[in-house]
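Input: a single structure, listed below in structure tokens.
Number of protein chains: 2
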Amino acid sequence: MKSKAVFYHAGCPVCVDAEQKLAHALNPGQYQVEIVHLGESKSRLPEALKLGVKSVPALAIDGDVFHINFGAPIEALQ
Amino acid sequence: MKSKAVFYHAGCPVCVDAEQKLAHALNPGQYQVEIVHLGESKSRLPEALKLGVKSVPALAIDGDVFHINFGAPIEALQ
């Protein structure tokens with residue numbers, strides 16, 4: 001069974017770069033990657049906050065959050 | 101030809117977590133991943149600094165640096 005990876009972003013340049021270079025670099029045989037734009041999908045904010053996402057871009061792999069560089073604080077999206 | 105990815109770390113808990121969960125999650129068919137412990141391999145520091153690594157853990161993919169969470173500033177390793 002594939003692991004679940006969720007890439008949270010907000011369309012910022014830092015986010016786009018991380019999405020293209022890192023989120024899409026995950027092993028497709030092992031990970032099912034979902035891309036979530038928190039600015040457009042505000043209904044996903046509670047889930048992201050619960051996981052511990054403090055800024056975007058962030059990649060959650062099986063519930064572990066990795067903040068990648070720094071695009072924007074999550075407070076700016078609330 | 102595979103792309104080159106270099107994971108720079110310093111053995112810190114944040115680093116180990118990122119190595120296990122993220123560095124090893126890259127598509128092995130597309131990326132050749134090298135793991136570099138900057139505390140033990142200080143000769144690699146100039147290369148990391150030149151790439152723009154400011155803290156560890158960091159993952160450089162084809163020369164683009166992604167700082168992942170925050171373990172230690174690179175100055176602490178110099």
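Read top to bottom, the protein sequences are chains A and Y. Per the working numbering: the first sequence = residues 1 to 78. Per the working numbering: the second sequence = residues 101 to 178. Glycine residues also receive a C-beta, built at the ideal position from the N, C-alpha and C atoms.
In chain A, what lies closer than 7 Å to residue i by C-beta?
| i | result |
| --- | --- |
| Y:Ala118 | Phe66 |
Could you tell me which of the options sits nearest to residue i, measuring between CA atoms?
| i | options | result |
| --- | --- | --- |
| Y:Val65 | Y:Gln120, Y:Gly171, Y:Ala176 | The structure shown has nothing for residue 65 of chain Y, since chain Y only spans 101 to 178. |
| Y:Ile161 | A:Val6, A:Ala18, A:Ala10, A:Ser3 | A:Ala18 |
| Y:Ser143 | Y:Cys112, Y:Leu177, Y:Leu126 | Y:Leu177 |
| Y:Met101 | Y:Pro128, Y:Lys121, Y:Gln120, Y:His124 | Y:Pro128 |
| Y:Lys104 | A:Lys21, A:Ala5, A:Lys4 | A:Lys21 |
Beta-carbon within less than 6 Å of residue i's beta-carbon, same chain only, minus the 5 sequence neighbours each way: which residues are those?
| i | result |
| --- | --- |
| A:Tyr8 | Val36, Leu38, Ala48, Val53, Val56, Ala58 |
| A:Val140 | No answer is possible for residue 140 of chain A: it lies beyond the span of chain A, which begins at 1 and ends at 78. |
List the residues of chain Y that residue i touches, going by C-beta distances under 7 Å, in chain order.
| i | result |
| --- | --- |
| A:Ile61 | Lys121, Leu122, Ala125 |
| A:Pro13 | Chain Y residues near A:Pro13: none, gap ~13 Å exceeds 7 Å. |
In chain order, what residues of the same chain have a beta carbon less than 7 Å from the beta carbon of residue i, not counting five sequence neighbours either side?
| i | result |
| --- | --- |
| A:Gly11 | His37, Gly39 |
| Y:Ala123 | Phe107, Val133, Ile135, Leu159 |
| Y:Leu126 | Ala105, Val133 |
| Y:Gly163 | Leu151 |
For residue i, which residues of its own chain have a beta-carbon under 8 Å away from its beta-carbon, when the five flanking residues on both sides are left out?
| i | result |
| --- | --- |
| A:Ile74 | Leu38, Leu45, Ala48, Leu49, Val53, Lys54, Ser55, Val56 |
* At least 3 beta-carbon pairs within less than 8 Å: the region 145-161 of chain Y vs the region 36-55 of chain A -> no
* Can you find at least 3 beta carbon pairs, one from the region 128-140 of chain Y and one from the region 58-72 of chain A, that sit closer than 8 Å? -> no
* **Positions along the region 26-44 of chain A whose CB lies within less than 9 Å of some CB in chain Y** => Leu26, Asn27, Pro28, Gly29, Gln30, Tyr31
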